[in-house]
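Protein chains in written order, with the numbering used here: chain A, 1 to 302; chain B, 1 to 667; chain C, 1 to 209. Note that CB positions come from ideal geometry on N, CA and C, so glycine has one too.
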Amino acid sequence: MAYLYYPGCSLKSTGRAYEESMRAVFAKVGIPLEELEDWNCCGATSYMSVSELKAFALSARNFALAEKQGGRDKTTDLIVPCAACYLGLSKAHKYLDEFPDIRSKVDEALAAAGLKYSNNLKIRHPLDVLVNDVKKDRLAGLVTQPLKGLKVACYYGCQIVRPYAEFDDQDSPQSMEKIFRILGAEIIDWPIKTRCCGGSLSGTVPEVGLRLSYLLLLEATRRGADCIATACPLCQFNLECYQPKMSSLYNEKIDIPVLYFTQLAGIAMGLGEKELGLQRLFVPMRYTPAPAASSGGQHVTK
Amino acid sequence: MSPSNGQTNGTPKVGVYVCHCGINIAGKVHVDAVVEFASKLPYVTVAKEYKFMCSDPGQDIIAQDIRDGKVNRVVVASCSPLMHEATFRKATAAGGGNAFMFQMANIREHVSWVTHDKGLATDKAKALVAAAVERVTLHKPLEKTKVPVHADVLIVGGGIAGIHAALTLADSGKKVYLVEKEPTIGGHMAQFDKTFPTLDCSACILTPKMSSVRAHPNITLWTYSEVSEVSGFVGNFKVKVKRKPRYIIEDLCVGCYECIEGCIYKEAKVKDEFNVGLSKRRPIYIPFPQATPLVAVIDPETCIEFRTHRCKKSCATACERNAVDFNQTEEIKEIEVGAIILATGFKVFDAARIPRYGYGKYPDVYSALEIERLVNAAGPTGGEVKMANGEKPKAVGIIHCVGSRDAKTNKYCSRVCCMYSLKLAHLIHERTDAEVYNFYIDMRTPGKGYEEFYDRLLEENVHFIRGRVAEVNDWAITPEEKGKLIIRCEDTLIGMVRRIPVDMVVLSTGLEAQADADDVRRMFNISCSHEGWFLERHPKLAPVSTFTDGVFLAGACQGPKDIPDSVAQAGAAAAEAMALIDKGFVELEPNTAYVQEEFCSGCRTCIALCPYSAIGYNEESKKASVNGALCKGCGTCVAACPSAALQQNLFTDEQIFREIKGVVSYV
Amino acid sequence: MDKWREWPKIRYESELDPDFADQIASIPGGEKLFTCIQCGTCSGMCPLSPDMDYTPRQIIAMIRAGFRQEVLSSHTTWLCASCYACTVECPKEIKITEIMYAAKRLAIREKVHPKRFPPSVLARAFFSSVEKNGRSTESRVLIDLFLKTNPLGMIRQAGLGMKLWLKGRLGPGKESIKRTDELHRMLAVLEKEHMIKPKVKTAQHGEAK
């Protein structure tokens with residue numbers, strides 16, 4: 001089965017490492033990713049605050065392009081890694097299906113551009129694909145350097161589990177845990193894994209937004225996590241890049257690596273630093289995995 | 001019923017009476033236009049309207065027109081037949097006509113209540129009236145048959161409702177079969193410590209009633225038993241009861257506990273159902289010391305003998321009366337009863353369905369029923385409220401509406417949780433001196449002495465925070481929160497979010513219909529509301545009756561109910577059953593099937609299909625014949641008969657076609 | 001100004017807008033708004049309610065009661081990070097997040113949103129960037145935002161920007177789709193369309209001091 005890949009704006013800039021590591025890991029598990037040609041912004045969050053109908057039209061253009069590229073005669077799976085894009089596209093997908101008034105207006109807009117959308121599309125998150133489309137054994141078979149002894153705090157954030165996603169539980173999602181258990185890591189219990197990181201507020205109203213990220217990082221550290229795994233470019237950015245600022249703001253040293261789940265998976269599969277975009281991290285990953293044969297990896301002391 | 005005085009012979013003279021039903025119908029239907037229309041229909045001699053046809057003066061209009069010879073067939077356009085068919089049949093008979101020379105047109109439920117447009121509503125009313133007029137011209141005089149009623153009563157469910165109904169009936173001299181699924185009667189009430197608002201000890205008021213049931217000469221008590229089949233009809237039900245093997249001979253066992261002491265398991269290892277898993281029992285056990293009957297039971301799922309057949313059966317050896325019998329088998333009892341009371345109770349909402357509250361994840365998050373056992377002096381801790389680590393809690397949060405008033409679980413209010421939460425708050429506060437916080441959406445205390453109990457709690461300095469709890473977890477932000485469970489909630493009266501650290505959380509779980517409610521519903525041929533509660537015949541005027549005559553409801557199987565209401569309803573159900581039995585007979589509707597012998601080919605298709613075994617085969621004439629006393633008028637045979645030899649009174653092919661013609665011709 | 005003078009805590013019915021709730025409820029699936037029982041689950045779930053001028057529950061109550069001006073000019077809606085925690089846990093299935101969006105859009109349409117509050121500035125900067133190019137260029141949207149709200153803040157953020165650039169996570173180039181004409185034709189069709197129904201009659205509003 002071929003999958004189309006929708007990067008969204010962030011994966012081309014601040015979230016580049018997400019794109020790099022996802023492509024590398026998906027290639028390894030045998031899922032080639034073909035990028036959607038001339039994709040446009042999904043119309044999420046900020047855009048939707050101004051015009052919802054236009055936001056749906058933006059999504060619909062992507063749908064129409066995806067169907068064309070994926071082949072009209074079959075259902076196309078569109079992989080959307082960014083949480084905001086995933087939510088925006090999923091919402092549009094649902095609304096175009098459920099509300100005929102919206103659908104007819106959007107269809108009209110599509111027609112003006114010579115485009116057509118015929119409901120032959122599924123919106124998928126890469127986490128969903130990795131857990132549900134790749135066999136457990138296959139994933140396990142690719143592990144060359146198990147993440148033995150690595151304590152991971154799985155962070156889902158908000159928009160990939162709420163409210164439109166159906167691949168995991170809204171209250172207590174388990175997809176990442178499943179993957180990391182296969183990869184040999186240890187999972188810490190962290191009851192706030194679906195609590196919001198602050199989103200764009202970290203940039204716009206830092207005194208409000210940063211506090212949310214800070215509380216998440218503080219709790220993960222208290223619970224003994226070695227690193228945090230994320231599935232969203234904005235979460236990764238907020239949790240990682242503002243750490244020095246948080247440390248000074250709240251007078252508490254915050255220093256914990258925040259990686260994309262695909263980067264961690266790639267480490268376990270023995271992929272290289274550059275392939276996974278690890279060099280782009282602000283807080284370097286201080287973990288050297290041991291080869292599969294030996295008992296476990298080592299922590300490099302800080 | 002007196003036969004018609006010749007009025008039904010000759011030309012039909014149809015009287016049409018259109019009811020306003022106050023403004024229920026007249027508000028949406030132009031009644032005068034319907035009357036005008038009806039007066040021009042063939043055979044119609046009288047067309048009138050009246051504000052309330054069901055009232056005495058309304059009924060008199062019909063009777064008088066019949067007496068005056070103006071009318072020999074009656075159509076009333078009003079509400080549903082369920083509501084008033086019987087009323088108007090009676091009015092028809094009162095005028096000297098045959099009660100079945102009557103047809104109803106439902107222009108309320110089928111028209112005015114479901115149509116916004118007055119013009120369209122009037123059109124539909126006219127079409128229905130035309131159909132009824134067409135049909136009634138073909139009606140024939142019919143007679144009801146009387147069948148005697150069996151005097152015994154079956155009660156299903158031995159909780160407080162079933163117990164109370166059983167004792168009421170038995171005391172009046174009726175023979176009662178009380179069937180209970182569990183090894184003992186007592187139900188949920190037996191698990192409670194105190195009852196609100198008076199704080200009577202639950203066991204003190206319940207167990208005497210349980211012993212009375214056991215001792216009553218008019219009550220046959222079958223515990224560990226389930227109804228497996230019901231047939232027949234009002235006054236004459238045939239019921240099969242499956243008595244599950246308890247592997248103890250009930251008549252020999254005296255409840256001395258020797259067998260339990262003798263069990264090969266020296267340590268109890270099985271989750272104790274009565275203590276909702278807070279303690280352990282052995283595979284052979286007595287649920288609790290006041291169990292009724294006080295007879296042991298062996299659970300074959302966990303008993304070594306049943307699992308391996310290699311136990312040395314030390315329980316049997318321990319029993320001096322040789323009451324242990326590993327070869328006991330299921331037994332089917334067949335009984336005949338005139339009335340049935342269902343008192344099958346409720347199920348507690350499973351708190352694990354709301355993961356945000358941490359039930360099952362954090363050991364100090366409890367369901368309310370678990371706390372009932374913890375505060376109970378006869379419970380697993382002897383009445384001490386202790387946390388999982390054995391310490392007394394210093395702060396306890398009680399979360400209301402868990403699994404109630406929530407579109408994702410149950411939309412309805414479970415009705416008892418506010419009050420039992422107050423009760424538990426009082427008991428916990430009394431036993432532990434802890435700070436107790438109640439988190440509620442709305443306090444609902446409408447009962448005698450209930451609001452006063454709320455006042456008492458307010459004075460006891462229990463905290464009340466108006467807000468539905470968002471989440472419970474162990475995420476500590478401040479040093480004081482460390483090691484505690486944090487309840488996060490908006491205090492809606494203040495408009496601020498609060499985080500309350502507590503040691504113990506009590507989830508006030510709602511009430512749900514029993515898991516097997518749908519099977520039970522089918523077996524007794526009654527209806528359920530969409531939440532699974534058994535449906536009463538009328539929410540106000542027939543609250544303990546069902547749509548199946550002779551089957552009554554008592555207690556929480558009909559909807560969430562506290563103890564006083566369950567007992568009151570049980571008394572009402574018993575009285576209804578008594579009224580039925582003491583009347584001595586029931587009248588059967590004459591809507592039975594009959595065979596037109598000249599068309600019957602003797603194929604016997606109908607015989608196999610009849611669910612009531614009402615059709616026989618005459619070997620001589622080689623024709624089918626219907627036993628009118630057994631026929632329930634379901635129409636299955638009529639539809640199935642390949643040669644249309646079977647017809648049904650009140651539903652002949654001709655009558656139905658004419659009714660359709662009436663509608664279609666209007667359109 | 002003294003805080004206690006800020007909000008006179010009385011509203012006359014003539015100051016309220018009886019159509020406001022209907023208008024907000026006209027969004028798809030919005031009619032559930034009227035079933036709110038004010039339980040506060042939304043505010044309890046919301047990670048941002050401690051920072052809001054009104055909690056989400058209060059916003060719903062105010063919409064129902066017709067507090068048009070207070071709601072549309074509130075900071076609450078712009079502090080909503082749209083994490084949907086309220087929406088998924090609401091026992092009455094009210095689409096609270098979508099109601100926040102609806103209030104934001106209405107506020108922008110009527111130009112009563114808090115003008116220099118960065119989230120609303122960001123929304124419009126982001127919107128026009130996408131409207132024009134089909135994609136947003138993170139660096140440019142951010143520069144735009146800082147220029148409009150806090151030019152000094154930009155200097156403080158320069159370090160972070162530099163670091164991102166060095167790590168290859170922020171480029172100076174402008175992002176755009178190829179066939180912008182195609183997109184512009186589409187959006188032109190929807191220029192005059194609004195999902196929230198227009199206000200029927202204009203009620204008088206009281207002045208908030």
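Practice task
Give the interface partners of Phe282 (chain A) over in chain C, defined as CB-CB distance under 8 Å, in chain order.
Solution key: Near Phe282 (chain A) (Cβ distances below 8 Å), the residues of chain C are Lys163 and Lys167.
Exercise for the section: Please state whether DSSP places Pro151 (chain C) in a helix, a strand or coil. Expected result: helix
Problem - Neighbouring residues, chain A, relative to Pro198 (chain C) (Cβ below 7 Å) - result: The contacting residues do not exist; Pro198 (chain C) stays about 14 Å from chain A at best.
Exercise for the section: Identify, in the order they occur along the chain, each residue of the same chain with its Cβ nearer than 8 Å to the Cβ of Lys12 (chain A), setting aside the five sequence neighbours on each side. Expected result: Glu19
Problem - Within chain C, the residues that Asp433 (chain B) reaches when beta carbons sit closer than 9 Å - result: Near Asp433 (chain B) there are no residues of chain C at all, since even the closest Cβ is about 28 Å away, more than 9 Å.
Practice task
Tell me, please, whether the CB atom of Gln170 (chain A) is closer than 8 Å to any CB atom in chain C?
Solution key: yes
Exercise for the section: Could you have a look at His530 (chain B) and say whether DSSP puts it in helix, strand or coil? Expected result: coil
Exercise for the section: Determine the burial state of Pro380 (chain B): buried for a count of at least 16 other Cβ atoms within 10 Å of its Cβ, exposed for fewer. Expected result: buried
Practice task
Could you tell me whether the Cβ of Arg415 (chain B) comes closer than 8 Å to any Cβ of chain A?
Solution key: no
Problem - Candidates B:Asn438, B:Ala388, B:Leu588 and B:Cys413: closest to Gly510 (chain B) by CA position - result: Ranked by how close their Cα comes to the Cα of Gly510 (chain B), the residues B:Asn438, B:Ala388, B:Leu588 and B:Cys413 have B:Cys413 in first place.
Problem - Distance CB(Glu481 (chain B))-CB(Pro501 (chain B)) smaller than 8 Å - result: Glu481 (chain B) is a Cβ neighbour of Pro501 (chain B), given a cutoff of 8 Å.
Exercise for the section: Using a threshold of 8 Å, state whether the C-beta atoms of Gly398 (chain B) and Phe439 (chain B) are closer than that. Expected result: The residue asked about is misnamed: residue 398 (chain B) is Ile in this sequence, not Gly. Between Ile398 (chain B) and Phe439 (chain B), the C-beta gap is smaller than 8 Å, which places the two residues in contact.
Handout entry: chain C contact for Arg353 (chain B) (CB, 8 Å cutoff)
Key = no
Exercise for the section: Kindly list the residues whose CB is nearer than 6 Å to the CB of Tyr612 (chain B), restricted to its own chain and excluding five residues on each side of it in sequence; keep chain order. Expected result: Leu630 and Lys632
Practice task
Please check if any C-beta of chain A sits within less than 8 Å of the C-beta of Arg356 (chain B).
Solution key: yes
Problem - 3-residue-minimum beta strand (DSSP E) runs that sit fully inside the region 441 to 513 of chain B, ordered along the chain - result: 463 to 466, 471 to 473, 485 to 491, 496 to 502, 504 to 509 and 511 to 513
Practice task
Under 8 Å between beta-carbons, which chain A residues line up against Asp22 (chain C)? List them in chain order, please.
Solution key: Correct list: empty, because the minimum Cβ distance to chain A is about 17 Å.
Practice task
Run the CB neighbour count on Thr292 (chain B), radius 10 Å, all protein chains shown included, and call it buried at 16 or more, exposed below.
Solution key: buried
Problem - Inter-residue Cα distance where the pair is Gly266 (chain A) and Ala60 (chain A) - result: 33 Å
Exercise for the section: Pick helix, strand or coil for Ser625 (chain B), following the three-state DSSP scheme. Expected result: strand
Exercise for the section: Please report how far the alpha carbon of Gly96 (chain B) lies from the alpha carbon of Val136 (chain B), in whole angstroms. Expected result: Just so you know, the alpha carbons of Gly96 (chain B) and Val136 (chain B) end up roughly 17 Å apart.
Handout entry: Proximity test, Cβ basis, 8 Å: Trp533 (chain B) and chain A
Key = no
Handout entry: For Asn106 (chain B), the first and last residue of its enclosing beta strand (DSSP E)
Key = Where Asn106 (chain B) is concerned, the enclosing beta strand (DSSP E) stretches over Phe102 to Asn106.
Problem - Cβ shell of Lys238 (chain B) (< 6 Å), same chain only, five flanking positions each side left out - result: The answer, listed in chain order, is Ser231, Gly232 and Glu336.
Exercise for the section: Taking all protein chains shown into account, decide if Asn106 (chain B) is buried (16 or more other Cβ within 10 angstroms of its Cβ) or exposed. Expected result: buried
Practice task
Could you check which residue in B:His116, B:Val29, B:Arg488 and B:Tyr265 has the C-alpha nearest to that of Gly705 (chain B)?
Solution key: Since the first residue of chain B shown is 1 and the last is 667, residue 705 (chain B) is not available in this structure.
Exercise for the section: May I ask you to report which of helix, strand or coil DSSP gives Gln23 (chain C)? Expected result: helix
Practice task
Please confirm if Ile37 (chain C) has its CB atom under 8 Å from at least one CB of chain B.
Solution key: yes
Handout entry: Under 8 Å by beta carbon: chain B residues contacting Glu219 (chain A)
Key = Trp475
Handout entry: Interface flag, Pro91 (chain C) vs chain B, CB-CB below 8 Å
Key = yes
Problem - Pairwise C-alpha distance: Val416 (chain B) and Cys204 (chain B) - result: Straight-line Cα distance between these residues: approximately 21 Å.
Practice task
Go through the region 126 to 213 of chain B residue by residue and report every complete run of the alpha helix (DSSP H) that reaches 4 residues or more, in order.
Solution key: 160 to 171
Practice task
Check whether the Cβ of Ser136 (chain C) lies closer than 8 Å to any Cβ atom in chain A.
Solution key: yes
Handout entry: Check: Pro141 (chain B) C-beta below 7 Å from any heavy atom of the ligand SAM
Key = For the ligand SAM, the structure offers nothing, since it holds no ligand at all.
Problem - Interface flag, Phe67 (chain C) vs chain A, CB-CB below 8 Å - result: no
Exercise for the section: Output the distance between the C-alpha atoms of Ala573 (chain B) and Ala165 (chain B), rounded to the nearest integer angstrom. Expected result: 7 Å
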